[in-house]
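Chains as they are written, first to last, in the working numbering: chain W, 1456 to 1548; chain L, 4 to 437. These notes concern the structure reproduced below.
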Amino acid sequence: MSEPSKEFEFETAIRELERIVARLDREGIGLDEAIALFEQGIERLGEARRWLETASGRVEELIASSTGRLEAMPLEGAERSGGGPEDRREGEP
Amino acid sequence: MTRQVSLFGAAEVRDGHSPGGAITVSDLNEAARGTLEKRFGDLWVRGEVTNWTRSSVGHRYFSLRDQERDASVACVFFRGDAWRLPADPEDGMEVFVHGRPTLYARQGRFQLRVRALEAAGEGLWRIAFERLRRELAAEGLLDPERKRALPAYPRRVGVVTSRGGAALHDIITVLRRRAPWIEIVVRHCRVQGEGAAAEVRAALGRLADWGASGPDRTLDAIILSRGGGSMEDLWCFNEETAVRAVAASPVPVICAIGHEVDVTLCELVADLRAPTPSVAAELAVPDIRMVRASLDTAGRGLARGLRRLIVRGNDRVEALAQRLPASAGHARDVAKLRLDTMAARLPAGMERVLARSRARLAELAASLDARSPLETVARGYAVATDLEGRRLTRIDDFTPSQRFRLLVAGGQVAATTDAVERDAAEPDAGEPGA
Chain W
1456 MSEPSKEFEF ETAIRELERI VARLDREGIG LDEAIALFEQ GIERLGEARR WLETASGRVE
1516 ELIASSTGRL EAMPLEGAER SGGGPEDRRE GEP
Chain L
4 MTRQVSLFGA AEVRDGHSPG GAITVSDLNE AARGTLEKRF GDLWVRGEVT NWTRSSVGHR
64 YFSLRDQERD ASVACVFFRG DAWRLPADPE DGMEVFVHGR PTLYARQGRF QLRVRALEAA
124 GEGLWRIAFE RLRRELAAEG LLDPERKRAL PAYPRRVGVV TSRGGAALHD IITVLRRRAP
184 WIEIVVRHCR VQGEGAAAEV RAALGRLADW GASGPDRTLD AIILSRGGGS MEDLWCFNEE
244 TAVRAVAASP VPVICAIGHE VDVTLCELVA DLRAPTPSVA AELAVPDIRM VRASLDTAGR
304 GLARGLRRLI VRGNDRVEAL AQRLPASAGH ARDVAKLRLD TMAARLPAGM ERVLARSRAR
364 LAELAASLDA RSPLETVARG YAVATDLEGR RLTRIDDFTP SQRFRLLVAG GQVAATTDAV
424 ERDAAEPDAG EPGA
């Protein structure tokens, strides 16, 4: 996995990490399995760290569009209440 | 009084003082109404409620009775004021009404136009609250087992509150600070006034429907909140419409209404109650610092596992070196290659762990090389080992008719000792190889 994708499930990654650590801690684990688990663990850890530091959620409001369907649109003025790692008003000076 | 031109041309004063000047009924009633309202203004009146009725559009009609002195007055409580009532009073209930004596002009009937009604004693708020609370409890909707756990690492949180309220600002600020990855989906609704409870229900429903409409829309939790206000302002969160919508929400609801001292029924049926909107946001998501810490913990767990597996790996290489001389170098090389591969992928913190293990492995490799029989064999010598792989290097290692193996270039030879001939002059000599 190179880029943190939208589908990345942080909770799943954490659970998998915990599972990997628990299995590594178990007595009698084979060397090959241990190495494979360790490599998986390092990969999950890297993914989770990258995701955590780069993921930036949106603030949207659910409003009815002209067709009457509910759509999530950027919430006006939400930037004021920000505090996120970056300004989400892309393209503005 | 009105002035009119008569049939006979003369102006006549309509002041009700002569048959010719008689006023109309509606003039009379209007005049009486004006006088009454001006004379009395708004008053508090106490009495017993009787004949309480509710019209289809929501107006309430009833009589207030003074039982001791056998008097009663008709009361009208229009919907625009009466919607604030948390519950209708029961017949015979002692109440205080605030209103203005007036006259219903169409029927010439004296009545009180009620603006507010309060029950004596516990009050209608308390009565309505307790009535619904008991009902919810009987249905099991307040049971602790109903409370759902919130996901540890939510991705998407819904917020139901007023668009312009301070609560929304507080919630967004806290969510963004603690969990910058969080997606926040806000659904506006009014949080006080007539119809607010229905809007709360609609907002919860729309948000849940939207959340269920796609895998990338799944909501992990919904925060239902509003800031502080009077009991009346917060009342919609005690109305059955809103309370049942919270109880029925397919998505776990965190509810924070008013200040800490205010407890509403919505909060009691919610999965989690928070004292303020900010705290609701704190409960909804983990702090990024805690998440980093848990990743560090997982990393340490991996490092610990790695340390063990390398130690174990070294032990096995060592064991192999003793038991299978011919393949020891290969096993060692494979293990070393794997460690190097891992090292290339290791984050900085763990490199130290691996460095120590690698140093140990290097020592081991050196000692393996020192003991390796392979080079010797390649030069044309043979290495003798017993059937367990232990090297036989001295004459004392051999006994007659003993079976042993000879490691030579290209393979091994199964051999048996014919005789043991000790070198008399040189007791230390006779080593077949280095």
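We put the CB at the ideal spot given by N, CA and C, even for glycine.
DSSP places SER58 of chain L in no beta strand (DSSP E); its state is neither H nor E. DSSP places SER281 of chain L inside the alpha helix (DSSP H), whose first and last residues are 280-287. Under the three-pair Cβ rule at 8 Å, the segment 201-213 of chain L does not count as touching the segment 104-122 of chain L. Within chain L, the residues placing a beta-carbon under 7 Å from that of GLY1496 of chain W are LEU305, ordered along the chain. Taking 4 residues as the minimum length, the alpha helix (DSSP H) runs contained wholly in the segment 157-193 of chain L are 169-181, in order along the chain. Here the C-alpha atom of TRP47 of chain L lies approximately 50 Å from the C-alpha atom of MET1528 of chain W. Within the model, the alpha-carbon separation for PRO289 of chain L versus VAL177 of chain L is close to 11 Å.
Contact note: VAL294 of chain L reaches chain W through PHE1465, ILE1469, ALA1503, LEU1507, using a C-beta cutoff of 9 Å and chain order.
DSSP places GLN1495 of chain W in the helix class (H, G or I) of the three-state scheme. The straight-line gap separating the alpha-carbon atoms of LEU135 of chain L and TYR156 of chain L is approximately 35 Å. If you draw a straight line from the Cα of PHE240 of chain L to the Cα of ILE187 of chain L, it is about 22 Å long. Not one beta carbon of chain L lies nearer than 7 Å to the beta carbon of GLY1523 of chain W.
With 16 or more other CB atoms across the displayed protein chains lying within 10 angstroms of its CB, GLN114 of chain L is buried. Contact residues of the segment 1508-1519 of chain W toward chain L are ALA1510, SER1511, GLY1512, ARG1513, VAL1514, GLU1515, GLU1516, LEU1517 (C-beta to C-beta distance below 7 Å). Burial of ARG204 of chain L is indicated by the presence of at least 16 other C-beta atoms within 10 angstroms of its C-beta.
Taking C-beta atoms as the reference points, GLU51 of chain L and GLN70 of chain L count as a pair closer than 7 Å. Within chain W, no C-beta atom comes less than 8 Å from the C-beta of LEU153 of chain L; the nearest is roughly 11 Å away. Going by DSSP, PHE132 of chain L is part of the alpha helix (DSSP H) stretching over 126-141. Put simply, the CB of ALA1527 of chain W is near chain L, with a gap under 7 Å to one of its CB atoms.
The three-state secondary structure of GLU1464 of chain W, taken from DSSP, is coil.
Going by C-alpha positions, GLY414 of chain L is about 22 Å away from ARG397 of chain L. By the C-beta criterion, the segment 78-91 of chain L is judged to be in contact with the segment 117-131 of chain L, since at least 3 inter-stretch pairs fall below 8 Å. Judged by DSSP secondary structure, GLU148 of chain L falls outside any beta strand (DSSP E); it is assigned neither H nor E. Boundaries of the beta strand (DSSP E) harbouring LEU409 of chain L: 406-411, taken from the DSSP string. Here THR267 of chain L is buried: its Cβ has 16 or more other Cβ atoms, across all protein chains shown, within 10 Å. Interface residue (Cβ-Cβ distance to chain W less than 7 Å): ARG129 of chain L is not classified as such.
Close to SER297 of chain L, with beta-carbon spacing below 8 Å, are these residues of chain W in chain order: ILE1469. Within the DSSP bridge table, the entry for GLU97 of chain L names L:GLU51 as partners. The C-beta of TRP184 of chain L comes closer than 7 Å to at least one C-beta of chain W. Put simply, the CB of ALA283 of chain L is far from chain W, with every gap to its CB atoms at 7 Å or more. Within the same chain, GLY232, ASP236, CYS239 come within 7 Å of GLN195 of chain L by CB-CB distance, once the 5 residues on both sides are set aside. A contact is defined here as three or more CB-CB pairs under 8 Å, and the segment 145-165 of chain L meets this definition with respect to the segment 216-232 of chain L. For VAL100 of chain L, the closest C-alpha among the options L:SER58, L:ASP45, L:GLU138 is that of L:ASP45. Taking all protein chains shown into account, GLY230 of chain L has 16 or more neighbouring C-beta atoms within 10 Å of its C-beta and is therefore buried. Beta-bridge partners assigned by DSSP to MET1528 of chain W: W:GLU1516.
Cβ-Cβ distances below 6 Å link VAL256 of chain L to ILE225, LEU227, VAL249, ALA273, ASP274 in the same chain, with the five nearest sequence neighbours on each side left out; the list follows chain order.
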